[in-house]
Every structure is written in structure tokens, then in C-alpha cells.
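*Asks:* Heads up: the sequence shown begins at 27 in the working numbering, then just goes up one per residue.
Don't be surprised by glycine CBs; every beta carbon is placed ideally from N, CA and C.
Quick caveat, the model's predicted, so the values are computed rather than measured.
Here you go, one structure.
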Amino acid sequence: MIDLYTLDRPGLDALLAGWGQRRFRAKQLWSWMYDKGAADFDEMTDLPAGLRERLAREATLGSLQLAEEQHSADGTIKRVWRLPDGQLIESVLMPYRDGRRTACISSQAGCAMACAFCATGQMGFARQLSAAEIVEQALRFSGELQARGERLSNVVLMGMGEPFHNYDAVIEAVRRLNTDLGIGARHITVSTVGLVPQIRRFAEEGLQVTLAISLHAATDDARSALMPINRRWPLDELIAACRDYVDRTHRRVTFEWALIQGVNDDVATAERLGRLLQGLHCHVNLIPLNPTAGYDGGPSGEPAVAGFIEALGRFGVPATARVRRGIDIDAGCGQLKAKVLRRERAQSGDGSASYS
Ligand code: SAH
């Protein structure tokens, strides 16, 4: 069995040529896969029945099996996919009133970065995803949206995993989301805990993609307590890499900041952050913390958020408060997978970790 999503266009041409098919058949098949997001060979009605049968026998469209799906009142759809080796990963689709349709996808099964407040970080690392496994998450949403006359407009690599800890597969996936799936590069965001060498490499890729840095704290002590990676790549090196990135690419960097009540949401912290980012071409996204089982912290209230934005403004640092999406469906990263795992362990009567 060959997963057709692992092939690039020349690869698909070669496969069908090897089967004695005329060249335009590969073009038709490619268009079904990427322009129309077909989920099944039966849908590909302009392919001869014999070819469709052979495809069904010898090829698959991707490798993800749906393990769980939840719909939120705000329109957010959250999915847990089971990979062929049993690993579980999550993706989320967020519809916005302005017409944007944003897929949040995973780059790894689990994560090795161990951020204290993050549900995936609390689970640990399982394995890297292939570029095909990353692309397929977006492709599934894209195909379904097209079937109802909508289109996937944005992709963010903010699901499970640390994208820059799976650098090559992520770069390949980003290129394919752009060329094969037609997502504008400027509408793709790669989010990192701040792996400095990869940020520097990323600056040289010539991609028009948005880089987001998860900051969450403005001093090394505070950041190391939340994000162990800070001990390896402390703030001065991280911010220097961001400044060089902006100089090199002329692109604005996004900083993400989960507002944790009483931890990193006071005006003095905002002022420290303002001083740190002053003069840097950037934008700060503030997201009230999504509480997780393994971390004893809660989201900041409305007044703290407003005070934080106001304080940053005094340093000329633009900030926006983001709405937490899909809160009613465990859409905080890693949380739905944790639920599926708990259920499956209860069913098997086995307390051991079978998937991660
Ligand atoms: N590893 C990458 C991308 C995945 S997480 C990164 O860290 O950037 C995507 C974003 O969600 C990151 O900014 C992360 O810090 C944040 N995040 C993780 N858990 C969260 C939680 N419980 N509440 C709010 N934001 C969270």
C-alpha cells in the first residue's frame, strides 16, 4: 500500500506512468487530491473504473483514522486522529465571522519541551510526524470545507508538538501547504518555544510565513519556571534571534503570551515585556490560560487583560487579546487526546500508557 500524500507531483506522475497510465491521469488524480480534497477514490468519477479499482487495492489517501471529534458551540471542530502505529494527535478547525477558516495542526505526537502549563508538554514526546501526516490534517479540513462551498484560508502549526524540533518535515509540510494545497504563505503560522538555531535557519528559508514565538514570561527566572527550554536558550539570545529574523526577512514576529492569573498578568510584568520588545517589529497575542490537569493556574480576568494591553501600549508594543476557542470541547492543546486516552485505558482495564 502506498500513501499517495507521501508523493510529490513528479512522484505521482512516475507511479501512474509505471502503471501504464497516460500522463493526464496523474493530473486528474492530483486535482482530486489537492484541489477538491477527495476522501475516497470512488468520488473520482472522471478516472476509468479500472484505475480507481487499482488505486483502491494498492494506494491510500492518507493514513489518519478519526478517533474522536467534538463540535463546540462557537463552531470550532476538534479532532483526535489515530496514526497507523496507534499514536494519537489533535487538529482543530476554527471558523471566524470574517470568513477565515483556520486549521490548527500538530507537528509531533506528544512534545519534548515540557512547558508546565501545556497539556501536550505534560504527556511527553512520542514521535515525529512525517510531512505527509502534517499536511493530511489540513487537507482533511480543506476537502470538507470545499464540499460545502467554503475554503480553508489559514493554517497554524500550534497543535501538538514543537515544529522546530521536527524542522525538516515541518518545512516540507509548509511548502506543500502553500504549493499543493494553495494556502497563502502569509496565512501560515509556525509557532515555536524559541529554538534559537532553528529560528536563525528559518530566516534563511525565504518563506513568507509568519513566525510566532511562545514567550509567556519576561525574565529568565520566570520563563525557565514555565518553559524549561529557556535554560538552553535564554531570553537575551532568543530576542536577539528575533531581531535578526526581522532584519533579515522584514517580517513582523508574533509573540504569544498565555495570561496566567497572578503569575504573569500584572502591570509590572507587562512593562518588563514592553521594555524587552520595544522597537522590535512585532505583535503580542494575549490568550487567557486554558487550564490543564497538570498545572495549577487559571486564566486572567478581563481587567488584567486590559491593563496588560494598556501597559504594552506605553512602550509602543501592539497587543491583541485573543478569544479562547472551543473551551467547551477541551480544545486546549493536548486536552482531547488526554480524554481519549483516559477512556481507552478505562475500557481496556489497563492503567499502562499504550500510546505515549
Ligand atoms: N510548541 C509550539 C506550538 C504548540 S503550542 C509552541 O510552543 O509555540 C501553541 C501555543 O499554545 C503556544 O504559544 C503555547 O505556549 C500555547 N499553550 C499551550 N498550552 C496552553 C494553555 N494551557 N493555555 C494557553 N495557551 C497554551
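From this set, Thr318, Ala266, Val289, which residue's C-alpha is nearest Gly305's C-alpha?
*Replies:* Here residue 305 refers to the residue found at position 279 when the sequence shown is read from its first residue. Gly305 has its Cα closest to that of Ala266, out of Thr318, Ala266, Val289.
*Asks:* Can you list, in chain order, the residues of its chain with a C-beta nearer than 6 Å to that of Ala152? Leave out the 5 residues immediately preceding and following it.
*Replies:* Taking the sequence shown and counting its residues from 1, one reaches residue 152 at position 126. Excluding sequence neighbours, Ala152 sits near Gln113, Ala135, Gly136, Ser382.
*Asks:* By Cβ distance, which residues of its chain are closer than 8 Å to Glu263, with the 5 residues on each side in sequence left out?
*Replies:* As a position in the sequence shown, residue 263 is number 237, starting the count at 1. Counting only Cβ-Cβ distances below 8 Å, and skipping sequence neighbours, we find Val222.
*Asks:* Quick one: Cα of Ile115 to Cα of Glu79, how far?
*Replies:* Looking up residue 115 in the sequence shown gives position 89. Looking up residue 79 in the sequence shown gives position 53. Distance between the alpha carbons of Ile115 and Glu79 is about 30 Å.
*Asks:* Taking just the CA atoms, how far does Gln172 sit from Val235?
*Replies:* Sequence index remark: in the sequence shown, residue 235 carries index 209 (1-based). Sequence index remark: in the sequence shown, residue 172 carries index 146 (1-based). Computed Cα separation, rounded: 23 Å.
*Asks:* Decide if Ile28 is buried, meaning its Cβ has at least 16 other Cβ atoms within 10 Å, or exposed.
*Replies:* Translated into the one-based positions of the sequence shown, residue 28 becomes position 2. Flag for Ile28 reads exposed.
*Asks:* At a cut-off of 8 Å, is Thr236 close to ligand 1 when judged by its beta-carbon and the heavy atoms of the ligand?
*Replies:* As a first step, residue 236 must be located in the sequence shown, where it is residue number 210. No.
*Asks:* Could you check whether the segment 337-351 touches the segment 69-83, counting it as contact only if at least three pairs of C-beta atoms, one from each stretch, sit closer than 8 Å?
*Replies:* The answer is no - the segment 69-83 does not touch the segment 337-351, with fewer than three Cβ pairs under 8 Å.
*Asks:* Compute the Euclidean distance between the alpha carbons of Met139 and Gly46, then round it to the nearest angstrom.
*Replies:* Your numbering for residue 139 matches position 113 in the sequence shown. Your numbering for residue 46 matches position 20 in the sequence shown. Between Met139 and Gly46, the C-alpha separation is close to 48 Å.
*Asks:* In the DSSP assignment, the alpha helix (DSSP H) including Leu233 goes from what residue to what residue?
*Replies:* For this step, residue 233 is matched to residue 207 along the sequence shown. Looking at the DSSP string, Leu233 is not in any alpha helix (DSSP H), and its letter there is neither H nor E.
*Asks:* Can you tell me whether Met139 sits near ligand 1, meaning its C-beta is under 8 Å from at least one heavy atom of the ligand?
*Replies:* Here residue 139 is taken as the residue at index 113 of the sequence shown, counted from 1. Yes, the Cβ of Met139 comes within 8 Å of a heavy atom of ligand 1.
*Asks:* Quick one: give me the first and last residue of the alpha helix (DSSP H) that Lys104 is part of.
*Replies:* As a first step, residue 104 must be located in the sequence shown, where it is residue number 78. First-last for Lys104: 103-108, but that is the beta strand (DSSP E), not the alpha helix (DSSP H).
*Asks:* Put Asp322 into one of helix, strand or coil per three-state DSSP.
*Replies:* One-based indexing of the sequence shown puts residue 322 at position 296. Coil.
*Asks:* State yes or no: is the C-beta of Glu282 nearer than 8 Å to some heavy atom of ligand 1?
*Replies:* As a position in the sequence shown, residue 282 is number 256, starting the count at 1. Within the cutoff, so yes.
*Asks:* Considering Arg301, what are the terminal residues of the alpha helix (DSSP H) in which it resides?
*Replies:* Working through the sequence shown from its first residue, we reach residue 301 at position 275. From DSSP, the alpha helix (DSSP H) with Arg301 extends over 293-303.
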